[in-house]
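Those protein sequence lines, which keep their order, are chains A and B. Mapping of the first sequence onto numbering that gives the first Met the number 0: position 200 corresponds to residue 199, and the numbering continues sequentially without gaps. Mapping of the second sequence onto numbering that gives the first Met the number 0: position 50 corresponds to residue 49, and the numbering continues sequentially without gaps. Ideal Cβ positions, reconstructed from N, Cα and C, are used throughout, including at glycine. These numbers were taken from a predicted model, which means no experiment stands behind them. To keep things clear, I will list the structure first and then write my remarks on it.
Protein chains: 2
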Amino acid sequence: MRTLYHQPLNPFCRKVRILLAEKNLGFTIVEEPIEARREDFLRLNPAGEVPVLIDENGAVIPDSVAICEYLEECYAGVALLGATPVARAETRRLAQWFDDKFAREVTRNLVDEKIGKRLSGAGGPNSQAIRAGLANIDIHLSYICYLVERRNWLAGDEISLADIAAAAHLSCVDYLGDVPWENYQDAKNWYARIKSRPSMRALLADHIAGTPPPRHYANLDF
Amino acid sequence: MRTLYHQPLNPFCRKVRILLAEKNLGFTIVEEPIEARREDFLRLNPAGEVPVLIDENGAVIPDSVAICEYLEECYAGVALLGATPVARAETRRLAQWFDDKFAREVTRNLVDEKIGKRLSGAGGPNSQAIRAGLANIDIHLSYICYLVERRNWLAGDEISLADIAAAAHLSCVDYLGDVPWENYQDAKNWYARIKSRPSMRALLADHIAGTPPPRHYANLDF
């Protein structure tokens with residue numbers, strides 16, 4: 000059986016979970032306490048990080064970029080990168096926008112500070128980081144609006160890894176209730192579309208002990 | 000003509016420069032003052048970051064991950080990812096190791112603090128960050144030793160994007176004289192092999208105004 004080692008509110012794990020579901024690939028999910036640095040887990044990924052995928056053939060694939068490219072190469076039936084090199088470059092540019100820029104400017108400042116630090120025992124949240132994260136999210140929501148005014152999905156006509164990466168990060172921030180959807184109607188409509196897909200269901204059912212999500216988190220009509 | 004917008008001591012730009020040279024693809028290099036946020040440049044990459052590649056066909060490709068995958072797809076003559084999906088996953092895992100983990104733990108703490116901040120006028124270096132960067136580099140050099148004891152190059156028998164990404168980051172830190180090569184002989188031998196390749200020549204000739212490299216930086220026998 001295909002297995003994914005993950006943590007529930009990790010956007011890189013969520014990206015892989017959505018991608019697997021969009022490709023209709025079954026998998027078992029295992030929550031890995033990465034802080035414990037288990038030896039068995041470090042043998043799978045010396046970096047000590049999630050996600051790590053064990054494919055049905057036994058291949059061990061750590062790192063979300065490596066996993067997504069691997070899945071696209073091996074299971075091309077549902078293609079989620081695009082049809083041409085230039086289209087795939089646009090998808091990868093936007094996936095990296097969220098995995099790198101959005102992660103640095105928003106996800107780490109909000110999710111890592113508010114929840115990650117508590118779960119890992121690394122102390123209280125840094126209020127300056129939280130203020131920065133809340134301020135930074137606007138430019139990203141504006142950019143999503145800009146893109147979906149011009150395209151059906153973020154990278155083009157079809158849903159792609161760009162939408163999946165964006166939804167993975169935004170769903171983590173939305174779990175905290177920190178996405179000002181009401182100010183960005185086009186971004187909200189885009190998120191409503193992706194949120195209603197079966198591939199998002201498992202994520203929307205995640206509950207972190209001690210930190211329940213706001214009521215709108217799992218609502219398709221939010 | 001193919002054009003690469005870059006900054007000399009940016010490891011992501013260096014990765015693309017080495018890759019282009021390994022693939023024998025000619026290109027003109029343009030140093031982009033990203034702090035100036037030029038409108039013409041933001042039209043090429045709304046993220047405002049280098050590298051950005053303009054290919055001969057006019058395609059505009061920002062982001063080093065997107066650029067490397069694009070080049071591998073379009074110019075497969077010299078393949079630098081690997082022959083099978085699992086081999087390519089291993090290459091990508093290690094390229095991400097350096098672009099993500101090494102960047103976070105070492106490059107940003109040393110190169111951004113010591114040179115980036117001065118060039119961007121962002122104030123003096125943070126001595127705590129520098130101490131962390133110097134402490135963190137050992138685990139990465141140990142890991143390179145571990146890999147090259149078992150393999151010819153980092154990801155397998157052939158040179159790959161994993162070696163290129165590692166050399167891109169290490170060459171930036173080496174420009175500061177902050178790599179303790181003498182303690183890691185196998186890593187040093189690996190770096191000597193990659194340093195002697197023609198694809199590294201242009202990088203080894205880079206000089207940052209006001210911060211000359213140490214004498215060993217460009218020496219093949221260091």
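*Assuming P50 (chain B) contacts F11 (chain B) (C-beta within less than 8 Å), just tell me the rounded distance between them.*
Their Cβ separation, rounded to whole angstroms, is 6 Å, which keeps P50 (chain B) and F11 (chain B) in contact under 8 Å.
_Once DSSP output is grouped into helix, strand and coil, what is the label at P213 (chain A)?_
Coil.
*Under the DSSP definition of a beta bridge, which residues are partnered with H168 (chain B)?*
Note: H168 (chain B) sits in no beta bridge, so no partner.
*asked:* Going by DSSP in three states, P152 (chain B) sits in which element: helix, strand or coil?
replied: The displayed chain sequence assigns Trp, not Pro, to residue 152 (chain B). W152 (chain B): coil per DSSP, three-state reduction.
_S63 (chain B) classed as buried or exposed, judged by whether at least 16 other C-beta atoms fall within 10 angstroms_ = It is buried - the Cβ of S63 (chain B) has at least 16 other Cβ atoms within 10 Å.
*In terms of alpha-carbon separation, which member of B:C73, B:K113 and B:K22 lies closest to T210 (chain B)?*
Among B:C73, B:K113 and B:K22, the Cα nearest to that of T210 (chain B) belongs to B:K113.
*asked:* Output needed for D205 (chain B): all residues of its chain with C-beta closer than 6 Å, excluding positions within five of it in sequence on either side, in chain order.
replied: Here the set comprises P7.
*Whole beta strand (DSSP E) runs in the region 15 to 41 of chain A with 3 or more residues, listed along the chain?*
Here the runs fully enclosed are 27 to 30.
*Where the region 94 to 106 of chain B meets chain A: residues whose CB sits under 7 Å from a CB there*: For the region 94 to 106 of chain B, the set of positions with a beta-carbon nearer than 7 Å to some beta-carbon of chain A reads Q95, W96 and K100 in chain order.
*When the distance is taken between beta carbons, is F97 (chain B) closer than 7 Å to H168 (chain B)?*
Against a cut-off of 7 Å, the Cβ pair of F97 (chain B) and H168 (chain B) comes out as a contact.
*Apart from the five residues just before and just after L46 (chain A), which ones in its own chain have a Cβ nearer than 8 Å to its Cβ?*
What sits at residue 46 (chain A) in the sequence shown is Ala, not Leu. Cβ within range, chain order: P61 and D62.
*For Y142 (chain A), go through chain B and note every residue whose CB falls closer than 8 Å to its CB, in chain order.*
Simply P45.
*Between the region 71 to 83 of chain A and the region 122 to 133 of chain B, do at least 3 Cβ pairs fall closer than 8 Å?*
No, because fewer than three Cβ pairs between the region 71 to 83 of chain A and the region 122 to 133 of chain B fall closer than 8 Å, the two stretches do not touch.
*asked:* Under 7 Å, CB to CB, which of the residues in the region 51 to 79 of chain A have a partner in chain B?
replied: The region 51 to 79 of chain A vs chain B, Cβ under 7 Å: A58, I60, P61, D62, V64, A65, E68, Y69, E72 and C73.
*Output yes or no for whether 7 Å exceeds the beta carbon distance between T83 (chain B) and A161 (chain B).*
No. Outside cutoff.
*asked:* Against chain B, does R117 (chain A) count as a neighbour if the rule is that its beta carbon must be under 7 Å from one of theirs?
replied: With 7 Å as the cut-off, R117 (chain A) does not count as an interface residue toward chain B.
*asked:* Would you call the region 166 to 182 of chain B in contact with the region 130 to 148 of chain B, where contact means no fewer than 3 C-beta pairs closer than 8 Å?
replied: Below 8 Å, enough C-beta pairs join the region 166 to 182 of chain B and the region 130 to 148 of chain B to call them touching: three or more.
_Same chain, Cβ closer than 7 Å to A94 (chain A), neighbours up to 5 away in sequence not counted_ = Result list for A94 (chain A): L160, A161 and A164, in chain order.
*Under 7 Å between beta-carbons, which chain A residues line up against V85 (chain B)? List them in chain order, please.*
Those within 7 Å of V85 (chain B) in chain A are A58.
*Euclidean distance between Cα positions of L18 (chain A) and E31 (chain B)*: If you draw a straight line from the Cα of L18 (chain A) to the Cα of E31 (chain B), it comes to about 35 Å.
*Check P197 (chain A) in the structure and name its three-state DSSP category.*
Helix, per DSSP.
*Helix, strand or coil: how does DSSP classify Y74 (chain B) here?*
Here Y74 (chain B) sits in coil by DSSP.
*Can you list the beta strand (DSSP E) stretches of 3 or more residues lying completely in the region 45 to 115 of chain B, in chain order?*
DSSP runs (the beta strand (DSSP E)) wholly in the region 45 to 115 of chain B: 51 to 53 and 59 to 61.
*Are the C-beta of L153 (chain B) and some C-beta of chain D separated by less than 7 Å?*
In the displayed structure, chain D is absent; the protein chains listed are A and B.
*Across which residues does DSSP place Y4 (chain B) in a beta bridge pair?*
The bridge partners DSSP lists for Y4 (chain B) are B:V29 and B:V51.
_Residues within the region 127 to 140 of chain A neighbouring chain B, beta-carbon criterion of under 7 Å_ = From the region 127 to 140 of chain A, no residue has a Cβ closer than 7 Å to chain B.
*asked:* Give me the residue from A:C73, A:R42, A:Q184 and A:L203 with the minimum Cα distance to R87 (chain B).
replied: Nearest option by C-alpha distance: A:C73.
_CB-CB length for D54 (chain B) against R1 (chain B), believed under 8 Å_ = Correct: roughly 6 Å between the Cβ atoms.
*Count the other CB atoms, across all protein chains shown, that sit within 10 Å of the CB of R149 (chain A); report buried if there are 16 or more and exposed otherwise.*
Classification of R149 (chain A): exposed, given that the 10 Å Cβ count is below 16.
*Bridge partners of I207 (chain B), per DSSP?*
Its beta-bridge partners are B:T210.
*DSSP state of T218 (chain B), grouped into three classes?*
For the record, residue 218 (chain B) in the displayed sequence is Asn; it is not Thr. N218 (chain B) falls in the coil class under three-state DSSP.
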